[in-house]
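Numbering (my numbering), first residue to last: 1 to 349.
Even glycine gets a Cβ: it sits at the ideal position worked out from N, Cα and C.
Step one of this worksheet: look at the structure below.
This is the structure we're talking about:
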């Protein structure tokens, strides 16, 4: 993507956020607070997903990244922000990208005003849910209102249906595995990762860009298949970052996934190792602080789970390459997918 096209996508996201902030200010003070929180949450990210929309559109012969494609690209960024905000509530997180998230900001404000810790937490979570809801609506409005032929708009709305339902189902499965006493299998964890993250992060943005450019159905379907593999590899890399990444990579304190006891693919694979009892004890100690995190990291390394996840990433990316090498897509789209593969490989800690 050229610098001009990237700037056009950024400008559309910024315009969408400015519109939301202006609407909030025109209503009443609380609406303004909600809108400003939504703007803050969507500001400063890498805007990876809207760039995928625009890059895919260009790879399939689209013109300048403006108008309808910019609307849809911005919609995917706001959708991502909404999902992240809701996910933080579900996980009980109060930080994102190394600073207080929506819930953390509202909790701190309530505490400063004299609320108890519990009531401040309730207020912060309620604010997060409402801010996420506003962003979900705004994302839908942008995508549904894009200036496109009826067929393309219908395809995008069908895609949005799938994105929201599949992502919600994946999120629920993730919470279920953390709630029930029987641990999930690696296969179940991988399926959840595909549903929770891969569809909305990679396959759907790629498909959206191709749909706007008028790509044939078989090409859009091929992008979806390749994107699901790439998205799974992306999430597996995230699992390694959550356990072994630096603060800069993770956007929060290193080893956060270990301290929180998340049921990631890394842990599911460790559970199948002969050393699981030692690994389980080490992970249980991760919550005590940095020394416990380091012990858990060493145990996961020693049992081979980290190496196995890295191998799974390689296998998944190889499967994606095989899919797009046979797919009925233009050479520019193959280069796009190859570049995306390189990005994912570079993320692996």
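Reference residue i; option with closest CA among the options
i	options	result
residue 298	319, 117, 266	266
residue 181	309, 197, 263, 252	263
residue 156	118, 129, 134, 204	204
residue 272	82, 84, 105, 305	305
residue 252	81, 99, 34	99
residue 109	127, 97, 49, 323	127
residue 122	26, 276, 89	89
residue 240	85, 91, 115, 345	345
residue 51	111, 3, 289, 119	3
residue 40	198, 322, 303, 132	132
residue 135	77, 49, 120	77
residue 287	243, 117, 277	243
residue 120	107, 113, 114	107
residue 162	216, 125, 195, 178	195
residue 285	308, 307, 260	260
residue 214	238, 289, 154, 188	154
residue 7	46, 218, 38	46
residue 92	124, 115, 114	124
residue 84	43, 114, 330, 23	43
residue 216	75, 339, 329	329
residue 321	338, 331, 333	338
residue 277	114, 296, 289	296
Beta-carbon proximity check, residue i vs residue j, cutoff 8 Å
i	j	result
residue 327	residue 226	yes
residue 207	residue 223	yes
residue 16	residue 142	yes
residue 269	residue 183	no
residue 293	residue 254	yes
residue 258	residue 279	no
residue 319	residue 229	yes
residue 192	residue 170	yes
residue 31	residue 20	no
residue 236	residue 172	no
residue 49	residue 86	no
residue 59	residue 336	yes
Spatial neighbours of residue i in its chain, beta-carbon cut-off 7 Å, leaving aside the 5 residues before and after
i	result
residue 212	57, 62, 68, 69, 72, 148, 152
residue 190	232, 265
residue 95	101, 104, 252
residue 256	242, 250
residue 220	207, 210, 211
residue 130	34
residue 38	20, 131, 134, 135
residue 282	295, 296, 299
residue 115	123
Interface flag, residue i vs chain C, CB-CB below 8 Å
i	result
residue 183	Absent from the structure is chain C; it holds one protein chain and no more.
8 Å Cβ shell around residue i - same chain, five flanking residues per side excluded
i	result
residue 393	Outside the displayed range of the chain (1 to 349) lies residue 393, so it cannot be described from this structure.
residue 234	197, 198, 201, 202, 344, 347
residue 323	222, 225, 226, 229
residue 117	111
residue 177	183, 184, 188, 189, 192, 263
Near the ligand ZN: residue i beta-carbon under 7 Å from a heavy atom
i	result
residue 225	With respect to the ligand ZN, the structure offers nothing, as it holds no ligand at all.
Same chain, Cβ closer than 6 Å to residue i, five either side skipped, listed in chain order
i	result
residue 145	none
residue 303	270, 273, 275, 279
residue 25	32
residue 138	20, 78
residue 317	233, 341
residue 247	254
residue 218	328
What are the uninterrupted segments assigned as alpha helix (DSSP H) that are 4 or more residues long and contained completely in the stretch 269 to 327, given in chain order? Within the stretch 269 to 327, complete alpha helix (DSSP H) segments of at least 4 residues are found at 276 to 284, 290 to 302, 305 to 326, given in chain order.
Runs of 4 residues minimum, wholly inside the stretch 102 to 135: which ones carry the alpha helix (DSSP H) assignment? Runs of the alpha helix (DSSP H) lying entirely within the stretch 102 to 135 and spanning at least 4 residues, in chain order: 102 to 112.
Please determine if the stretch 10 to 25 and the stretch 162 to 177 are in contact, where contact requires at least 3 C-beta pairs separated by less than 8 Å. Remark: fewer than three beta-carbon pairs, one from each stretch, lie closer than 8 Å, so the stretch 10 to 25 and the stretch 162 to 177 are not flagged as touching.
Write down every uninterrupted run of the alpha helix (DSSP H) in the stretch 158 to 246 whose length is 4 residues or greater and which is fully enclosed by it, in chain order. Fully enclosed alpha helix (DSSP H) runs of no fewer than 4 residues occupy 186 to 193, 204 to 212, 217 to 244 of the stretch 158 to 246, in order along the chain.
Can you give, in chain order, each stretch of the alpha helix (DSSP H) that sits fully within the stretch 4 to 47 and has at least 4 residues? The qualifying runs are 29 to 42.
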